[in-house]
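Following: one structure in C-alpha cells, then a few remarks.
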Amino acid sequence: MSLIARHFAKAATRYDEIAQVQPRVAAALAARLGGAPRRILEIGCGTGGLSAHLARLFPQAELVLTDISAEMLAVCEARLGGRGRFLRMDGQAPDAGLGCFELIVSSLAMQWFEDLPASLERLAAMLARGGEMRFATLGAGTFAEWRAVLGEAGGLHDYPEARAFPWRAQIEAEMF
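Below, the structure written as C-alpha cells:
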C-alpha cells in the first residue's frame, strides 16, 4: 500500500469532520456538470462528497466509484447507501476492462498522481465517443498562506505533499 493510500485509510472515518475545502470543490465541480451520461467513472471518490452530487444529478446513470483506499470506499458506500459500484483502484492505472464512460470525473485526487499526463491519456482512452473528463485539482500556489503558517509552526510532519501542477501547459497543448 502506498504512503498516500495509508494516510487516507487512516483518516477515512474522521475525514469528513476535518475536510473543509473538499466539499466546496466537489459542489463547484458538480455544478459544472451537465448532460445525461449513462455511465460515470469517478477517480478518487474518497468518502463520497462528489459521489453524492453525482447520484443526485444523474439518478439513472451507472456510477463506478473508485478510490485507492478501501477504507474510504467503505465510507463512500455507506454514505450512498450502496448506490453505485465501488472499486479499489489507483486512478493512475485505471482498469480498461471497465469499458467506456460518457463522463469521467475527479475532485482533488489527481494532484497525488506521479505522472498526470500519462494517467490522463489512460483515462481518456476510456471515454465513450463524445464523452467528457472533468476534474478539479490543486495547483502551484494553492494554500500558500496555510503552508506558510505550517512552516512557522515547524511544518506538518509525515504528510505527503501535494505536487504542484507542472504539467498544465503540456496537458493544455495536447488535450485541448
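Position one of the sequence shown corresponds to residue -15 (this note's numbering), numbered consecutively onward. Cβ coordinates follow ideal geometry from the N, Cα and C atoms, glycine included.
Quick one, are the C-beta atoms of residue i and residue j less than 7 Å apart?
i: residue 94; j: residue 70; result: no
i: residue 24; j: residue 41; result: no
i: residue 89; j: residue 26; result: yes
i: residue 19; j: residue 49; result: no
Around the Cβ of residue i, are there at least 16 other Cβ atoms within 10 angstroms (buried) or fewer (exposed)?
i: residue 5; result: exposed
i: residue -3; result: exposed
i: residue 77; result: exposed
i: residue 32; result: buried
i: residue 141; result: Confidence is the limiting factor: at residue 141 the pLDDT is only 46, short of 50, which leaves the residue's position unreliable, though a coordinate-based value still follows. So residue 141 counts as exposed.
i: residue 99; result: exposed
i: residue 66; result: exposed
i: residue 21; result: buried
i: residue 52; result: buried
I want to see whether chain B comes within less than 7 Å of residue i, judged by CB atoms only; does it?
i: residue 17; result: In the structure shown, chain B does not exist; there is a single protein chain.
Out of the options, which has the shortest C-alpha to C-alpha gap to residue i?
i: residue 28; options: 122, 83 and 75; result: 75
i: residue 61; options: 34, 9 and 13; result: 34
i: residue 54; options: 72, 122, 48 and 64; result: 72
i: residue 80; options: 16, 105, 56 and 44; result: 105
Excluding the 5 residues preceding and the 5 following residue i in the sequence, name in chain order all residues of the same chain whose CB lies nearer than 8 Å to its CB.
i: residue 114; result: 86
i: residue 14; result: 34, 37, 38 and 41
i: residue 12; result: 120
i: residue 63; result: 31, 32, 35 and 36
i: residue 83; result: 23 and 110
Can you name, in chain order, every residue of its own chain whose Cβ lies under 7 Å from the Cβ of residue i, other than the five neighbours on each side?
i: residue 121; result: 92, 94, 95 and 149
i: residue 117; result: 88, 107, 108 and 111
i: residue 7; result: 33
Whose C-beta lies closer than 6 Å to the C-beta of residue i among residues of the same chain, with five residues either side of it excluded?
i: residue 97; result: 76 and 103
Ranges of the alpha helix (DSSP H) found wholly within the region 89 to 121, counting only runs of at least 4: 100 to 108
Whole runs of the alpha helix (DSSP H) within the region 6 to 69, excluding any shorter than 4 residues: 33 to 41 and 54 to 63
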